[in-house]
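Report on the structure given below.
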Amino acid sequence: MGQLRFGYHSLCWISYEPERYEVDRIAREIAKAGFRGIEFAHQLQHFARVPDLDAVMRDLGLELASLACSISYQADDPMAETIARAEYAAARGVTDLMVVGGWGADWCDKSDGQLARLAHNLDAICERFRDRGLTTAFHPHLETCCENARDTERLLGFSKHTHLCLDNAHFDLTGDSSAGFAKAHADRIGLAHVKDFERAPGEPASRYGGRFCELGEGELDVEGYLNALIEIGFTGWVIVELDRPTRTPLESARISAAWLRDHGFMD
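Quick note, the sequence shown lines up with residues 2 to 268 if you use our numbering.
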């Protein structure tokens with residue numbers, strides 16, 4: 002099949018406590034696992050530690066798929082770090098900047114004001130980088146003011162420009178369908194995250210009664226989600242993400258890559 006472009010997230014290496022990795026080694030391991038792109042969560046100063054990270058990635062046949070950024074629903078958010086990351090990404094041809102946010106002491110209010118301010122901040126970045134081909138891809142996330150289908154549709158109603166980074170696990174664990182949302186809002190999906198979820202023994206069917214895990218090792222309908230992306234003709238990056246591995250990051254990446262190949266999604 003091979004109709005989707007798969008990359009891998011660097012978060013798995015950041016959260017791996019037994020060892021610390023430089024970004025060039027992470028790139029080599031992601032390429033070794035068979036992925037074509039990377040979404041980096043590292044701070045920009047990490048890239049400066051490698052003499053020529055761009056050349057390393059070119060030699061490995063890897064593309065910078067996106068950078069992970071944060072944003073708030075505060076009206077006075079200067080967004081300095083996010084803008085700096087957008088500059089770095091735009092200079093390397095990234096089209097969809099992964100942006101996540103909506104945390105705060107009053108996140109559960111999910112008010113129109115919160116979502117409107119969040120949309121305003123997202124659109125400000127889109128407008129600033131429009132001529133350079135970069136758009137934000139907002140990631141609905143559990144326990145933020147924008148986590149489920151209703152919240153996300155409200156956000157899209159306030160925003161003129163932003164795309165979405167649709168994450169199947171965060172979306173499905175709210176009780177909504179990531180596959181169904183992708184089909185209903187195909188024109189706003191700019192980036193995709195994919196992961197699985199393994200429920201802890203004896204835990205109820207709740208949001209965090211378990212852990213995110215490698216593809217095929219959990220209970221989510223990952224296949225249905227990826228097939229939905231194919232059905233809508235999605236051409237952006239699909240980033241496999243795992244936040245806290247129980248094995249080495251390379252082993253985790255290889256397990257997910259093997260599942261994708263076994264199910265015909267990745268060559």
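Idealized CB from N, CA, C, for every residue including glycine.
Because the structure is a prediction, the values reported are computed rather than measured.
Beta-carbon proximity check, A76 vs R118, cutoff 8 Å: Yes. Within cutoff.
Validate contact between the stretch 106 to 115 and the stretch 130 to 137 using beta carbons, cut 8 Å, 3 pairs: Two segments are said to touch when three or more pairs of C-beta atoms, one from each, lie closer than 8 Å; by this definition the stretch 106 to 115 does not touch the stretch 130 to 137.
Between the CA atoms of L63 and T153 - distance to the nearest angstrom: Between the alpha carbons of T153 and L63 lies a distance of about 31 Å.
Three-state class that DSSP yields for Y9 in the structure shown: Y9: strand per DSSP, three-state reduction.
Continuous beta strand (DSSP E) stretch holding G105: start and end: Element bounds for G105: n/a, residue is neither H nor E.
Same chain only: Cβ atoms within 7 Å of G225, ignoring 5 sequence neighbours per side: Scanning its chain for C-beta atoms nearer than 7 Å, with the 5 sequence neighbours on each side dropped, one finds around G225 the residues A180, in chain order.
Selected residue, minimal CA-CA separation from A258, among E220, C147, G38 and A138: Ranking E220, C147, G38 and A138 by CA distance to the CA of A258 puts G38 first.
Pick from L65, D110 and I233 that is closest to V95, judged by C-alpha positions: Considering only alpha carbons, the answer is L65.
F213 in three-state terms, based on DSSP: If DSSP states are grouped into helix, strand and coil, F213 belongs with the strands.
Range of the contiguous beta strand (DSSP E) that encloses F198: Run containing F198: D197 to R200, per the beta strand (DSSP E) assignment.
Contacts around L54, its chain only, beta-carbon distance under 7 Å, and the 5 residues preceding and following it disregarded: Hits under 7 Å: V24, D25 and F48.
Anticipated Cβ contact below 8 Å, D177 with A150, distance rounded: About 4 Å; that satisfies the 8 Å criterion.
Beta-carbon contacts of D78 that lie in its chain and below 6 Å, excluding the five residues immediately before and after: Closer than 6 Å at the Cβ level, and outside the excluded window around D78, lie N122.
Backbone secondary structure at E18 - three-state DSSP: Residue state, collapsed to three classes: coil.
Endpoints, alpha helix (DSSP H) assigned at E144: Membership of E144 in any alpha helix (DSSP H) is not indicated, and neither H nor E is assigned to it by DSSP.
Cβ neighbour criterion (16 or more within 10 Å) applied to T83: Under this definition T83 is a buried residue.
Top-ranked residue by Cα proximity to C70, from F41, Q46 and A92: Comparing Cα positions, the closest option is F41.
Cβ pair D97, A125 closer than 8 Å: Going by C-beta atoms, D97 is not nearer than 8 Å to A125.
Cβ shell of A185 (< 7 Å), same chain only, five flanking positions each side left out: Scanning its chain for C-beta atoms nearer than 7 Å, with the 5 sequence neighbours on each side dropped, one finds no residue around A185.
CB-CB length for V239 against R6, believed under 8 Å: Indeed, because the Cβ distance is near 6 Å, the residues count as touching under 8 Å.
Selected residue, minimal CA-CA separation from P246, among Y9, W14 and Q4: The candidate whose alpha carbon is nearest that of P246 is W14.
Simplified DSSP assignment, three categories, for T247: Collapsing the DSSP output to three states places T247 in coil.
Where the beta strand (DSSP E) containing E232 begins and where it ends: No beta strand (DSSP E) contains E232, which is instead part of the alpha helix (DSSP H) from V223 to E232.
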